[in-house]
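If you read the protein sequences in the order shown, they are chains A and B. For the first sequence, counting from 1, position 379 maps to 442 in the working numbering; every step adds exactly one. For the second sequence, counting from 1, position 186 maps to 188 in the working numbering; every step adds exactly one. Idealized CB from N, CA, C, for every residue including glycine. Accompanying notes for the structure given below.
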Amino acid sequence: MKAQETMPTTKVERSAKFVKTGFQIGGNYIKHYSKKLFNPELSRDELNEDNASDIYNSLSELKGSALKIAQMLSMDKNILPRAYVDKFTQSQYNAPPLSGPLIVRTFTKSFGKTPEKIFDKFNIKSTHAASIGQVHEAELDGKKLAVKIQYPGVGDSISSDLKMVKPIAFRLLGMSEKELSIYMKEVEERLLEETDYEREVRSSIEFAEACKNLENVVFPGYYPALSSSRIITMDWIEGQHLKEFLKSNPSQELKNKIGQALWDFYNFQQHELRKVHADPHPGNFLITKDEKLGAIDFGCIKEMPDDFYEPFFSLTSTDLFNNKEETIKAFRKLQMILPNDTSAQIEFYYKAYKEMISLFAKPYVTDTFDFSQEQFFEDLYTYGEKVAKMPEFKQARGVKHFIYINRTNFGLYNILHELKATVRTDTFKPHVKRN
Amino acid sequence: MATAAQIKKGYLDYVLTHDEQPKSVYSFVKKLKITEADFYAFYASFESIEKNIWFELTIETIDEIQKQEPWEQYSSREKMLSFFYSYVELLKSQRSFVIYSLKKHGKRLSTPEVLSGAKPIFLNFAEQIINEGLESGELADRKFLSKRYKDALWVQYAFILNFWVDDDSNGFEKTDEAIEKGIQVTFDLFQRSPIDNLFEYGKFLTQNGKLKEKMGF
């Protein structure tokens, strides 16, 4: 593998990196087809390998804060395939907007009618791209609507892309396929769920209903009759994205209010619903004029089974750490300590995970927490870096549920950090049986 | 008295059931209980029935899309996309026939005989759309080349058709992708691009010579 010379730092550089990878992959395809012209027997293996190594090269140069923090609890190796897949899908679906005729076709396929016949007004030019589709503005009965349309063939590509990169990714990461396949499967399941728009409408309605009593959180209304497996119609929420909001110089009080709404939204889901909007990406939230947090995009939902929830949150929110035996028991349940570990290994992982989780659970220890403090995040990064270098963590550990729960909580921490909000962290507490 | 539609229907039924042409016109008309004269009044051969079906499917698509609401507002690029989306939609109703008819031809590069009626219709339609694009400035008018644009679209036609025949994705989604990506790329090439500018610059430099003297200081 090539040595990494520089790390792209600015956003522009990072995007440039992706564009470059896009070109390389495009180039690989062209190379493949031109070779194939002369040699029809050529298999796709070489192509797949070219692609995967280009993607990986660009990825490993992208150790930005998001990736770094994600590597933290997930022990570098567990999360990397996820990041790999994220970036991979990102580069795959950095697609140009759908043409007008294809939009019309998607509508006629779903409803037997063109969008003009369904809505009073429909803007054929999309307003922005969603992760695997694009969003259009429409109007019906005087109501402004957002219509999300999925790119064709996305579901198919995810499965085949994953199949294609899997073996190569394992080799590039120097891990055995068996070790990682359970995590990869989890990722594949979630990704495929995201392509099921009918399911997304159902979950969106369910979450909006369940969370309706939360203060300062609002949800768009959804229209199942105007939605299909490729189209979602919902109310248009007027508001600013996080970046615009921060540019408008909001008061600390307002930032706290939004941060609190976000905290409550996530902790209510985790502890009351036991399933959570697992994509806390700044693009999935809007801040409305009347100072509320609008939550959109329930494509990625992670459910937490009891055998994960109980041991995990009893670690973060009880005094379990005072009891070494019980702590090790919980670690075993979470497969952070494995049955075949030697006593020296048990001691090592006990210490390492205890330190890690104590760090992670810091916001929960006090009643309020100031997410603007650099020190906390600095500590997280440094610890993550340290752990990533330890040979003991080259091995996959931890149950598969960690992938998305970590992603969710780190995503949440990150947004709160950007907001520089101070929030009350005791609003929705974990429900775990006390010993 | 038999009609063209009856003969066509009988023929389709026969080839799709037997996966081959009837042995002779004689045996075919006997089954349909019509005379050979009836048959030849409409069709010269079995091939001409197939040719005719393709011809009609193509004409029908072109008629259909021009009636659609946003047609007038569409750019040339969108008009062509619209054609292909509607075409594969219409072909869906005759998929068995399409597969049978193209399979007979095999994987040769020449235009299948059965498409010899549809081809001029498509090319004519493509030319019309290209000319609109050239006039509006959407497409680049290039000496010699712009006359060949329609041939590039015919290549796309053949590709998309073959792609659709082999497509086994849900709702032929992959074909939608093939259309979207293929037509976009083709029209990107028809548009004015950096290559044109490079060409212009090269022309300028050669005409205003003494390149060597001007390169150094």
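| Query | Result |
| --- | --- |
| Contact check, B:E71 vs A:E179, beta carbons under 8 angstroms | yes |
| Reduced DSSP secondary structure (H/G/I, E/B, other) of A:V495 | coil |
| Buried/exposed call for A:M399, threshold 16 Cβ in 10 Å | buried |
| Buried or exposed by the 16-neighbour rule on C-beta atoms within 10 Å, applied to B:E175 | buried |
| Straight-line gap, A:N312 to B:L92 (C-alpha atoms, nearest Å) | 56 angstroms |
| C-alpha distance - B:V187 paired with B:E74, whole-angstrom precision | 22 angstroms |
| Closer than 8 angstroms to chain B by CB, A:E179 | yes |
| Exposure of A:V428, with buried meaning 16 or more beta-carbon neighbours within 10 Å | exposed |
| Within chain A, partners of B:E179 - CB distance below 7 angstroms | P215, G216 |
| Against chain B: residues of the segment 160-179 of chain A by CB proximity under 9 angstroms | L161, S162, G163, P164, L165, V167, R168, T169, T171, K172, T177, E179 |
| A:E202 - DSSP class collapsed to helix/strand/coil | strand |
| N- and C-terminal bounds of the beta strand (DSSP E) containing B:R144 | Premise fails: B:R144 is in no beta strand (DSSP E) and is neither H nor E. |
| Under 8 angstroms between C-beta atoms of A:K365 and A:T431 | no |
| Proximity test, Cβ basis, 8 angstroms: A:D219 and chain B | yes |
| Own chain partners of A:S435 with C-beta closer than 6 angstroms, once the 5 adjacent residues on each side are dropped | K483 |
| The beta strand (DSSP E) enclosing A:T296, as first and last residue numbers | 294-298 |
| A:E252 versus B:K81: straight-line alpha-carbon distance, rounded | 38 angstroms |
| Rounded separation between A:Q438 and A:D489 - CA only | 22 angstroms |
| Best match in B:F206, B:A142, B:G119 for proximity to B:E58 [C-alpha to C-alpha] | B:G119 |
| Three-state class that DSSP yields for B:K2 in the structure shown | The structure shown does not extend to residue 2 of chain B, since chain B is modelled only from 3 to 219, so the question has no answer here. |
| Below-8 angstroms beta-carbon distance, B:S78 vs any chain A residue | no |
| Residues of the segment 156-176 of chain B whose Cβ lies closer than 7 angstroms to any Cβ of chain A, in chain order | S171, G173, E175, K176 |
| Neighbour list for B:Y87 in chain A, Cβ cutoff strictly below 7 angstroms | P164, L165, R168 |
| Whether B:F30 touches B:Y45 by CB criterion (8 angstroms) | no |
| Beta-bridge pairing of A:K338 - partner residues as DSSP gives them | A:E366 |
| Below-8 angstroms beta-carbon distance, B:S84 vs any chain A residue | yes |
| 8 angstroms Cβ cutoff, B:E134 in contact with chain A | no |
| Backbone secondary structure at B:G173 - three-state DSSP | helix |
| Inter-residue Cα distance where the pair is B:S78 and B:A128 | 9 angstroms |
| Outcome for A:G196 when other beta-carbon atoms lying within 10 angstroms are tallied against a minimum of 16 | buried |
| Per DSSP, the bridge partner or partners of A:Q213 | A:G196 |
| Three-state secondary structure assigned by DSSP to B:A120 | helix |
| Residues near A:S123 by beta carbon distance below 6 angstroms, same chain, minus five either side | In this predicted model, A:S123 has a pLDDT of only 42, less than 50, meaning its place in the structure is not dependable enough to derive any value. |
| Extent of the continuous beta strand (DSSP E) run through A:A358 | 356-358 |
| Interface partners of B:P72 on chain D, CB under 9 angstroms | In the structure shown, chain D does not exist; the protein chains are A and B. |
| B:K11 at chain A interface by Cβ criterion, 8 angstroms | no |
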